[in-house]
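K.L.:
Let me give you the structure first, and then I'll get to my questions.
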Ligand SMILES: Cc1cc2nc3c(=O)[nH]c(=O)nc-3n(C[C@H](O)[C@H](O)[C@H](O)COP(=O)(O)O)c2cc1C
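In structure tokens form, the structure reads like this:
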């Protein structure tokens with residue numbers, strides 16, 4: 003069975019992006035899903051001096067290992083001031099120092115959610131441009147605007163947005179079956 007990881011680029015205990023990534027993972031059939039939380043990967047603020055002194059912290063390697071051992075990634079990014087939330091940028095920076103090909107060629111469903119009308123469009127565009135340089139294979143994207151009007155009790159309640167997300171998760175599921183990636187540890 004294929005194994006996917008889903009997480010949010012947020013450390014909020016009520017993260018709307020974690021809610022969205024959890025829901026999106028539930029739409030992918032016949033897979034084992036692991037929902038991750040960046041609060042379980044606490045890290046010092048990246049700095050070249052700290053890196054030189056202490057090396058790459060264990061928690062950056064831990065998330066890289068989750069990526070390595072997965073067959074696909076669902077990631078929903080929080081947007082802060084038009085960019086990645088600090089917690090995500092920090093772990094991304096640390097991971098990129100350990101492994102430039104951070105996303106290791108795994109199929110990715112890339113999303114963003116926001117309470118406003120733009121649905122995290124800026125951070126989504128930024129990641130869409132950047133992640134492929136770190137070997138992400140983005141197979142579908144989805145933007146969720148006006149989160150609190152469109153999402154309730156763990157589900158998308160807007161029918162047309164839900165159809166759009168289902169199209170994205172179907173493309174992701176298809177990519178899990180067709181894209182050749184390194185097998186996850188589970189299947190070695
Ligand atoms: C410092 C800060 C900056 C923000 N900047 C933006 C922004 O640029 N665009 C946007 O759509 N929402 C912005 N927001 C609102 C976030 O989208 C909102 O807090 C959302 O819940 C973040 O996702 P999360 O719940 O997954 O952490 C900002 C929030 C904070 C705290």
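In our numbering, the protein residues as written are 3 to 190. Heads up, the beta-carbon is just placed ideally off N, CA and C, and yes, glycines get one too. Predicted model, so just to flag it, every value in this text is computed and none were measured.
Give me the residue from 70, 34, 18, 11 with the minimum Cα distance to residue 43.
P.N.:
11
K.L.:
Between residue 39 and residue 88, what straight-line distance do the alpha-carbon atoms span, to the nearest angstrom?
P.N.:
14 Å
K.L.:
Going by DSSP, name the residue or residues bridged to residue 136.
P.N.:
DSSP output for residue 136 lists no bridge partner at all.
K.L.:
Please state the DSSP three-state secondary structure of residue 89.
P.N.:
Secondary structure of residue 89 (DSSP, three-state): helix.
K.L.:
Compute the minimum distance between the beta carbon of residue 170 and the heavy atoms of ligand 1, and state whether it is under 6 Å.
P.N.:
Set against 6 Å, the gap from the CB of residue 170 to the closest heavy atom of ligand 1 is not smaller.
K.L.:
Closer than 7 Å by C-beta to residue 16: which residues in its own chain qualify, once you throw out the five before and the five after it? Chain order, please.
P.N.:
none
K.L.:
Specify, as a first and last residue, the run of the alpha helix (DSSP H) that residue 38 falls within.
P.N.:
Segment: none, residue 38 is in no alpha helix (DSSP H) and carries neither H nor E.
K.L.:
Indicate the three-state DSSP secondary structure (helix, strand or coil) for residue 104 in the structure shown.
P.N.:
coil
K.L.:
From this set, 166, 8, 139, which residue's C-alpha is nearest residue 68's C-alpha?
P.N.:
8
K.L.:
When DSSP builds the beta bridges, which residues end up paired with residue 110?
P.N.:
75, 140
K.L.:
Closest to residue 198 by C-alpha separation, out of 98, 74, 115, would be which residue?
P.N.:
Residue 198 cannot be examined here, being either before or after the span of the chain that is shown, 3 to 190.
K.L.:
Let's test the definition: count the other Cβ atoms within 10 Å of the Cβ of residue 1 and tell me whether it reaches 16, buried, or not, exposed.
P.N.:
Because the chain spans 3 through 190 in this model, residue 1 falls outside it and cannot be assessed.
K.L.:
What I want to know is whether the C-beta of residue 53 ends up closer than 6 Å to one or more non-hydrogen atoms of ligand 1.
P.N.:
no
K.L.:
Leaving out the 5 sequence neighbours to the left and right, which residues in its chain are closer than 6 Å to residue 144 when beta-carbon positions are compared?
P.N.:
Hits under 6 Å: 113, 167, 170.
K.L.:
What do you reckon, is the C-beta of residue 119 under 6 Å from a heavy atom of ligand 1?
P.N.:
no
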